[in-house]
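Numbering-wise (this note's numbering), the sequence shown opens with residue 18 and increments by one. Note sheet for the following structure.
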Amino acid sequence: MREVARNRPQRPASPRALRPSQLALALVSALLGFLLATQFQSREGLSTRLAGEREEDLAQILSNLSTSTDQIQDEIIDLRVRLQGAKGSAEQEKVLLDNARQQFDSLRILLGMVPVKGEGIVATIGDPSGTVGPEILLDAVEELRDAGAEAIDINGLRVVASSAFGGSPGSLSVSGTPIASPYVITAIGNGETLAEAVKIPGGVVDTINARQAASIIIEERKEVRIASLRPAPRFTYATPT
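Structure below.
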């Protein structure tokens, strides 16, 4: 008489650990998603500036925002595809890991999560009569970003994509934190290019010089340091998918 074999319960297979390259790519993808979310953070005081813009300028601003958002979304999709296919030789794994680390470092700088140093400029805006409004600081930041600024600080406060400029002339704030004259803008990038960006006719320098008693001094430097950090915002409704 043959013995009937009893079914033994099978042990669940343990999930395979992520490889270093996969983990790094996943982290970069998550940071890109976080950066995309910050694009939709409201900017205090932005409505004041937009109200005075021409229709064609508003269209250009909307186009720039849409392009930036599309680029970030494309990078997220590309990273997710690479994450799924992060398999192969040790050499391929090393290349993926190195690329992920480079993108991770770039994103940390962009999000204001690490101190930075490099070539750049220091622009000091004097406003003893309180005639410089938040829209001027916003214009200065946008001109510097368009000129390739990789990191910006104003009076010890890190400026990132979600930073807001508010208050009124003589009583300005950056993301809710009050700042006082003189307003010192530190930007890292090609010093000559950044300096020229704020000097364009009708731009930031001309606008400031037209205000009563206001002035601006721009210094190009071989090395500037930005030690301020930006805390990560807390999201109430948005969650990763």
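In this text, a Cβ means the ideal position worked out from N, Cα and C, and glycines have one as well.
Could you pull the start and end residues of the alpha helix (DSSP H) that residue i belongs to?
i: residue 208; result: 208 to 216
i: residue 222; result: 221 to 226
Return helix, strand or coil for residue i, following the three-state DSSP convention.
i: residue 198; result: coil
i: residue 170; result: strand
i: residue 133; result: strand
i: residue 60; result: Residue placement at residue 60 is flagged as unreliable, the pLDDT there being 45, under the threshold of 50; the coordinate-derived value follows with that caveat. Coil.
i: residue 139; result: strand
i: residue 123; result: helix
i: residue 175; result: strand
i: residue 204; result: strand
i: residue 29; result: Here residue 29 scores only 44 on pLDDT, less than 50, and its place in the model should not be relied on; the value that follows carries that caveat. Looking at residue 29 - three-state DSSP - the assignment turns out to be coil, as it is neither helix nor strand.
i: residue 242; result: strand
Use the C-beta contact count for residue i: other C-beta atoms within 10 angstroms, 16 or more gives buried, fewer gives exposed.
i: residue 131; result: exposed
i: residue 217; result: exposed
i: residue 94; result: exposed
i: residue 183; result: buried
i: residue 255; result: exposed
i: residue 151; result: buried
i: residue 214; result: buried
i: residue 180; result: buried
i: residue 234; result: exposed
Assuming residue i and residue j make a contact with CB atoms under 8 Å, what is their CB distance in whole Å?
i: residue 200; j: residue 171; result: 6 Å
i: residue 177; j: residue 247; result: 5 Å
i: residue 221; j: residue 186; result: So it is not a contact: roughly 15 Å between Cβ atoms.
Within the continuous beta strand (DSSP E) that includes residue i, where are the two ends?
i: residue 154; result: Unbroken run through residue 154 is the alpha helix (DSSP H), 151 to 163; no beta strand (DSSP E).
i: residue 191; result: 188 to 191
i: residue 182; result: 182 to 185
When you compare the CB positions of residue i and residue j, do they come within less than 7 Å of one another, or not?
i: residue 240; j: residue 208; result: no
i: residue 156; j: residue 231; result: no
i: residue 202; j: residue 244; result: no
i: residue 204; j: residue 137; result: yes
i: residue 224; j: residue 142; result: no
i: residue 242; j: residue 111; result: no
i: residue 210; j: residue 164; result: yes
i: residue 166; j: residue 206; result: yes
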